[in-house]
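Here the sequence shown stands for residues 1 to 509, where the numbers follow UniProt numbering.
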Amino acid sequence: MSDDIFLLDDAAPEPSALLEQWKLLIVDDEPEVHHITNMTLSQFVFDNKSIQFIHANSAQQAKEQLKQHPDIALILLDVVMETDDAGLCLVRYIREQLHNQSVRIVLRTGQPGQAPEDEVVDNYDINDYKDKTELTSQKLRTLIRASLRSYRDICALEKHKKGLEKVVKASRGIFEKNALFNFVEGVLEHLAAVLNLEDSCIYQVEQYAYRIHETQLQLLAYQGDKQPAKPTPQQLSDFPAHQQQLFSEAINNKQHVFADNALVIYCENSAYNLLFYITRTAPFSQADHHFTKLLSENIVVALENIRLNELILTNQKEVLYRLGEIVETRSKESGMHVRRVALFTALLAEQLGLPELIIEQLKLAAPLHDVGKVAIPDAILHKPGKLEPDEWEIMQTHAAIGEKMLEGSNIEVLQLAAEIAGSHHEKWDGSGYPKGLKGEQIPLSGRLTAIADVFDALASKRCYKDAWPEPQIIDYLKQQRAQQFDPQLVDLLLDNFADFMAIREKYQD
1 MSDDIFLLDD
11 AAPEPSALLE
21 QWKLLIVDDE
31 PEVHHITNMT
41 LSQFVFDNKS
51 IQFIHANSAQ
61 QAKEQLKQHP
71 DIALILLDVV
81 METDDAGLCL
91 VRYIREQLHN
101 QSVRIVLRTG
111 QPGQAPEDEV
121 VDNYDINDYK
131 DKTELTSQKL
141 RTLIRASLRS
151 YRDICALEKH
161 KKGLEKVVKA
171 SRGIFEKNAL
181 FNFVEGVLEH
191 LAAVLNLEDS
201 CIYQVEQYAY
211 RIHETQLQLL
221 AYQGDKQPAK
231 PTPQQLSDFP
241 AHQQQLFSEA
251 INNKQHVFAD
261 NALVIYCENS
271 AYNLLFYITR
281 TAPFSQADHH
291 FTKLLSENIV
301 VALENIRLNE
311 LILTNQKEVL
321 YRLGEIVETR
331 SKESGMHVRR
341 VALFTALLAE
351 QLGLPELIIE
361 QLKLAAPLHD
371 VGKVAIPDAI
381 LHKPGKLEPD
391 EWEIMQTHAA
401 IGEKMLEGSN
411 IEVLQLAAEI
421 AGSHHEKWDG
431 SGYPKGLKGE
441 QIPLSGRLTA
451 IADVFDALAS
461 KRCYKDAWPE
471 PQIIDYLKQQ
481 RAQQFDPQLV
491 DLLLDNFADF
501 MAIREKYQD
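The structure is reproduced here in structure tokens:
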């Protein structure tokens, strides 16, 4: 090797300015090669990073170093070490077993005859081939610079690829959310994955007639170590000055704002205006800008889906309640009965730990539990006294009639309503109707609505009876535990009896 290998021409910046280092693995069985390479590159800097030297005297030692340092950027690799082809075998190990395609591999050989260049380049996935005698100081630094630039660009492409994969995954995740609060929590989670967040908040912007003078922000969801100062709606002036500036710029210009380590993402549709306020210790990169823009476009589309979904649910809820009230009017029962049964059913489902979506569907479906009564003759339906056996037999048909009326629909809520209509008169001990189902054979929706319906009937005045006092209701529920009703549901109702009576008092006839 030429003596000018010791001539160093790279300006060395202050050590404090170098935040990171490139990892360079030197694999050679000649100690002098390690020493000279160290000397030559000791002050080398590329892209504001110096070099961290890692040494191995054999291919086997190199394998150990690769396990400890999977982020090695460049390998200067000798061919002939413990065996004549040790270096070449190591190349195959790196590419085929470690599946490391990013690290740059440069073969440096002092015996070219042992590994002819054309043959090696054709058959081994290396990035350069050098004879040790031709590597002067300048040529070595040029080689290192070119190799590190290649490694940097490959890593950038890989980072962009993973970032785009995260954006696609995040978009799929947020489109699965159909309620605003679940949606914003999901967006926070996915933003954290895409941008490697440490701290973030989401605010809903409530814009008034004089928006330019007054803006109120309500905290919807939060992730991070710092607890929000106020969970209640806040005026813009309540925030620190730097946040006020970022929020105002985003709201006024209706666009995202990047500022050093902080980011405000602005999203709006006809129903919602959202600010995603994000901070992290590392500055946001151009790639972060790009991924944020891609994801925010899908956030806006998802927001519109939520608005449309909520509109459909609102209309659906109104129609179902109206149908339930029509049935009540037909049977001349209490005007609030279906609403109370719906709320009792939902409260039991909540205490049982059912998912929020199922609870909401039960609340919508339960009002139709007695829809089959529209087919029962007035003389039986409105009879003030006890029904005769043949009359009771006709009355019992309302469960099967109701199920038949609602079954076959493509709407999930109506499918659930059919299930409830057909099973809410089944009993835990198997003595109910119309099918005589027993225990857990009875759909959970039917078991929930059954106890809710009977509880409200006991606590309400009917044409044939007065409302029962609370102690009598409690005694009846205890007696019917594991007979008429699911024992677990009886226990839940009794443990939370005051909550059920509070609903009863709030929605009186």
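Idealized CB from N, CA, C, for every residue including glycine.
Is it true that the CB of L323 sits closer than 8 angstroms to the CB of L368? Contact check for L368 against L323 passes: the beta carbons are separated by less than 8 angstroms.
Exposed or buried, what is V264 when buried is set at 16 or more other beta-carbons lying within 10 Å of its beta-carbon? buried
Leaving out five residues before and five after I380 in sequence, what residues of the same chain have Cβ atoms less than 7 angstroms from its Cβ? For I380, where only same-chain residues beyond five positions count, the Cβ hits under 7 angstroms are L387, E391, I394, M395.
Just curious, the alpha helix (DSSP H) that S445 is in, first and last residue? 444 to 459
Simplified DSSP state of E20, which is helix, strand or coil: coil
What does DSSP give as the partner residue(s) for E407 in the beta ladder? Residue pairing of E407 in beta bridges, as defined by DSSP: absent, with no partner found.
Cβ pair P434, A467 closer than 8 angstroms: no
Proximal residues to G402 (C-beta, below 6 angstroms), its chain only, five neighbours per side dropped: V371, G372, A421
Between the Cα of K89 and the Cα atoms of A59, Q235, A250, which residue gives the shortest distance? Per the sequence shown, the amino acid found at residue 89 is Cys instead of Lys. That would be A59, whose Cα lies nearest to the Cα of C89.
What is the rounded straight-line gap between the Cα of H55 and the Cα of L217? Approximately 57 angstroms, taken between the alpha carbons.
Between the C-alpha atoms of F6 and S137, what's the straight-line distance to the nearest angstrom? Interpretation of F6 is limited by its pLDDT of 33, a score under 50 that renders its predicted location unreliable; the figure taken from the coordinates is listed afterwards. Distance from the CA of F6 to the CA of S137, rounded to the nearest whole angstrom, comes to 7 angstroms.
Decide if the region 448 to 461 is in contact with the region 335 to 355; the criterion is three or more beta carbon pairs, one per stretch, under 8 angstroms apart. Between the region 448 to 461 and the region 335 to 355, the count of Cβ pairs shorter than 8 angstroms is three or higher; the stretches touch.
With distances taken Cα to Cα, identify the nearest neighbour of D47 among N127, V301, T314, S150. S150
Taking DSSP's pairing of strands, which residues face Q52 in a bridge? K23
CB-CB under 7 angstroms to Y476, same chain, minus the five flanking residues each way: which ones, in chain order? Only L458 meet the Cβ criterion.
In angstroms with no decimal places, state the Cα-to-Cα distance between T40 and A262. 41 angstroms
Could you give the distance in angstroms between the alpha-carbon of Y272 and the alpha-carbon of M501? 36 angstroms
Reduced DSSP category for T40 - H, G, I as helix; E, B as strand; rest coil: Three-state result, T40: helix.
Buried or exposed (CB count within 10 angstroms, at least 16 for buried), V319: exposed
Between K293 and Q286, what straight-line distance do the alpha-carbon atoms span, to the nearest angstrom? 11 angstroms
Helix, strand or coil at I265 [DSSP, three-state]: strand
Less than 8 angstroms separating the beta-carbons of Q484 and K438? no
Measure the CB-CB distance between A250 and Y266 and report whether it falls below 8 angstroms. Between A250 and Y266, the C-beta gap is smaller than 8 angstroms, which places the two residues in contact.
Go to I123, then tell me how far its alpha helix (DSSP H) extends in each direction, as first and last residue. According to the sequence as given, residue 123 is Asn; it is not Ile. Element bounds for N123: 117 to 123.
Selected residue, minimal CA-CA separation from R447, among V33, L416, R141, G408: Here the closest residue by C-alpha is L416.
Along the beta strand (DSSP E) that carries D128, what are the first and last residues, could you check? 128 to 131
Length of the line joining the Cα atoms of V300 and V413: The C-alpha of V300 lies about 27 angstroms from the C-alpha of V413.
Since V80 and L107 are thought to touch, with beta carbons under 8 angstroms apart, how far apart are those beta carbons, to the nearest angstrom? At roughly 11 angstroms, the Cβ-Cβ gap does not stay under 8 angstroms, so V80 and L107 are not in contact.
Relative to the C-alpha of S270, which residue among T279, K254, E304 is closest? E304
Look at the alpha carbon of E356 and the alpha carbon of A346, and state the distance between them as a whole number of angstroms. Taking the Cα positions, E356 is about 10 angstroms away from A346.
For I75, does the count of other Cβ atoms within 10 angstroms reach 16, so buried, or fall short, so exposed? Burial check for I75: the Cβ neighbour count within 10 Å reaches 16 or more, so the residue is buried.
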